[in-house]
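Asker:
Residue numbers (our numbering), protein chains in the order written: chain A, 114 to 527; chain B, 26 to 440.
(1) Who are the near neighbours of residue 45/B in its chain, counting only those whose CB is closer than 7 Å to its CB and skipping five residues on each side?
(2) Are the beta-carbon atoms belonging to residue 206/A and residue 181/A less than 8 Å from one another?
(3) Can a CB atom of chain A be found closer than 8 Å to the CB of residue 50/B?
(4) Going by DSSP in three states, residue 115/A sits in which element: helix, strand or coil?
(5) Under 8 Å, Cβ to Cβ, is there at least one residue of chain A near residue 227/B?
(6) Using a C-beta cutoff of 8 Å, does residue 284/A count as contacting chain B?
(7) Mapping the DSSP letters down to three states, classify residue 183/B as helix, strand or coil.
(8) Along the chain, where does the alpha helix (DSSP H) containing residue 436/A start, and where does it finish?
(9) Of all Cβ atoms in chain B, is any one closer than 8 Å to the Cβ of residue 245/A?
(10) Please state the DSSP three-state secondary structure of residue 308/B.
(11) For residue 252/B, would you say it is in contact with chain A, using Cβ-to-Cβ distances shorter than 8 Å as the test?
(12) Tell me, which residues are paired with residue 380/A by DSSP?
(13) If you measure between the beta carbons of residue 391/B and residue 436/B, is that distance less than 8 Å?
(14) Since residue 61/B sits in a beta bridge, which residues does DSSP pair it with?
(15) Among 117/A, 267/A and 284/A, which residue has its Cα nearest to the Cα of residue 432/B?
(16) Given a cut-off of 8 Å, decide if residue 87/B and residue 434/B are closer than it, judged by their beta-carbon atoms.
(17) Looking at chain A, is there any beta carbon in it that lies within less than 8 Å of the beta carbon of residue 41/B?
(18) Could you have a look at residue 221/B and say whether DSSP puts it in helix, strand or coil?
(19) Would residue 372/B and residue 338/B qualify as a contact pair, given that the criterion is a beta-carbon distance under 8 Å?
(20) Please say whether residue 275/A and residue 369/A have beta carbons closer to each other than 8 Å?
(21) Roughly how many angstroms lie between the CA atoms of residue 302/B and residue 172/B, to the nearest whole one?
(22) Go through its chain and collect everything with a Cβ distance to residue 438/B's Cβ below 8 Å, but skip five positions before and after it.
(23) Skipping 5 residues on each side, what residues in its chain have a beta carbon closer than 8 Å to that of residue 179/B?
(24) Less than 8 Å between C-beta atoms, sequence neighbours within five positions excluded: which residues of the same chain meet that for residue 367/A?
(25) Throw me the rounded Cβ distance for the residue 183/A and residue 263/A pair, which I believe falls under 8 Å.
(26) Extract the residue ranges of the alpha helix (DSSP H) inside the stretch 75-106 of chain B, only unbroken runs of 4 or more that lie entirely within it.
(27) How would you label residue 273/A, buried or exposed, when you count the other beta carbons within 10 angstroms and need 16 or more for buried?
(28) Please determine, among 312/B, 404/B and 399/B, the residue with the shortest C-alpha to C-alpha distance to residue 389/B.
(29) Quick one: using the 10 Å Cβ neighbour count with 16 as the cut-off for buried, is residue 469/A buried or exposed?
(30) Can you list, in chain order, the residues of its chain with a C-beta nearer than 8 Å to that of residue 146/B? Leave out the 5 residues immediately preceding and following it.
(31) What is the residue span of the alpha helix (DSSP H) that residue 214/B lies within?
(32) Using a 10 Å radius around the Cβ and a threshold of 16 neighbouring Cβ atoms, would you call residue 314/A buried or exposed?
(33) For residue 159/B and residue 241/A, what's the separation of their Cα atoms in angstroms?
(34) Can you name the residues of chain A whose CB is closer than 7 Å to the CB of residue 247/B?
(35) Could you tell me how far apart the beta carbons of residue 330/B and residue 379/B are, in whole angstroms, since I believe they sit closer than 8 Å?
(36) Which of the three DSSP states is assigned to residue 314/B in this structure?
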């Protein structure tokens, strides 16, 4: 009889363990493995000048030589069935020996020569036509910056996270008016992809889409990005308060699902953890920021086979010099955007291609769920800077998303 | 040895706790009776049916942007369908109509309907379309409307709009304002008026219906309202920046709503801070952010919201400055207009306090307060001191609703 009881207890334990394992696998390991460890098939000629990634030998993303990470932020509008444009294009460079951090923001409308012979197009289209592989190769070819890793964020992920957190309740500082807000997260009927905003001032509840509008609008402040930063801090404060609430543990699997499909990177989860820990503590004032704005570029209307396009043309003499300094490239810094000294393209435009003819936007997904499953418990025992734990690495992935959406490590330090 | 209970100290502590509770706007509702009501809008709403939450009249508000009203018996009525985005209700003083805003993705309409419900009539439509201008830039002719308010004779509505977003700055008659003005849209909401009978097309309202100007790019105007028993005085919140153009200034302004129409020779300064004639006059100082004014039914007091610090807002009441709108650019009058503000009295404060409205008898103020992660309607009984006239709260504020109402929609209290 005791043997039967023992077997029954053992069976019950096994069933419970299997259920817990399945729950853990389905709710955390599977989504996280869809996010991290993506494999990028490098475009021909996009070779690492250092031959071997240092992490292969050290196992630590932040030890060894300088690394460059391409942050891509995309609309996830349903109208782009064949792929997504990358509205945010930022190269983060980290020198682990000096702990110096640089951020290069390249305008999405920058007119340049895409790698792999794809011709002239806007930078945001490069991601559409060739995913992270073509984006990385184009940055390498046109600026001499080899990209070690990428991280891509779809804005709908941010909306989902805000909604899962129950929205945010804030005092909208002043009326928000914007006639040129990018309409890129819904099923827009507007061919020009703009949306009009009018947010009333004062205390109110913001759902995910409205919170995104509040933090993203660039035309709603006389003081420009200073005002935008103040708005972002408000939303981040509320969101962080909710994410730090013990109640959020019950929503961790939901948050993991929110990120699934809206955050992708070829970094491993442990790399993301270490990178976000660095971002949480880096001195904001010591980050070398370079935005290729009107001081480094001009806006032109360009006649292309598909019609007139408003594009950003870089002033390469200025850009090359700055890139050489920021990335410590010396004579290897280039600015070969395919625009001649006369301002005219020297490479054939690819604009006649239809937006539905995605060339190679898909990324080969590494089937590494079990590998990820093994990393999750390890991450969960590691402490974030500040002392709290990062259960299943969800917090680090959330921070990676915030870093791209807000385009600043300040988003992690609120 | 057993010590005796210091009952005096205990009693004082209880009194202190009650008074602090009142100041923080967190009145105790443990003994109050909240009943669930069906609002047909897919959200939950509970209403306090206890005697502490008694009030007279009808309070109009929105939840999930569906128009609702609570009557004095604490019954809730749903007035608009769930698929319509409605904001900012305002009942006409004659009690016949209710004006409100119907909002769409790119625009909104200013509409009204009989107060008992019925067909909705559009007073001003914001519909439009996107197009590309001669320089291949995307533009549109959609229009926003917001926050209608009735004149005392129920014949005219003032409201907010960006009707002048294509204002011709390049041909501004009083000097070149620079390229930024010439090329940018004037999106800031300004105060306009429209008659209820035979409302003109919006192209006419755009030019002849302007009542109060905004400063270009500074945020615009908000919260317009007529002063009861004074048809030539309105109030609104004016958003601008200080002279460094880096710090937001939010002030309450009063104005004669006929000034611009009756005196076109005064060279006004639409959008241009510091130049020309300003028809509005500030009644609160620039160094404190004050917003959301509401006249008392007598027209002698103003309830408003003050941003006390980054984590506290306060509901205050101040006297109305008299005889200031006729000569708004006179330095002495400008100083005089700021004096009553110094007599402001704090009624209630909290993390988020907003949207004050007076009861028709002037004995209560309803406002929105943030508790348990929702914005809800609270009631404060108020009275004026017989000697000083300063308002103060009687007892503690009482929570009227639970479950959350819209913070971005101005409520209304009708008889």
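For glycine and all other residues, C-beta sits at the position ideal for the given N, C-alpha and C.
Answerer: Looking at the atomic coordinates:
(1) Here residue 45/B scores only 44 on pLDDT, less than 50, and its place in the model should not be relied on; the value that follows carries that caveat. Correct list: empty, nothing qualifies.
(2) yes
(3) Residue placement at residue 50/B is poorly supported in this model, since its pLDDT is 44, which falls under 50; the coordinates are not used for a value here.
(4) helix
(5) no
(6) yes
(7) strand
(8) 429-439
(9) no
(10) coil
(11) no
(12) Paired residues: none, contrary to the question.
(13) yes
(14) 71/B
(15) 284/A
(16) yes
(17) Any reading at residue 41/B needs caution, since the residue's pLDDT is 48, under 50, leaving its predicted position unreliable; the model's value is listed next. It does not; no Cβ of chain A falls within 8 Å.
(18) coil
(19) no
(20) no
(21) 26 Å
(22) 82, 83, 84, 85, 382, 383, 384, 385 and 391
(23) 117, 118, 119, 121, 122 and 221
(24) 277
(25) 4 Å
(26) none
(27) buried
(28) 404/B
(29) The predicted model places residue 469/A with a pLDDT of 38, which falls under 50 and marks its position as unreliable, so this point remains unresolved.
(30) 136, 137 and 138
(31) Neither: residue 214/B is in no alpha helix (DSSP H) and is coded neither H nor E.
(32) buried
(33) 29 Å
(34) 288 and 314
(35) 6 Å
(36) coil
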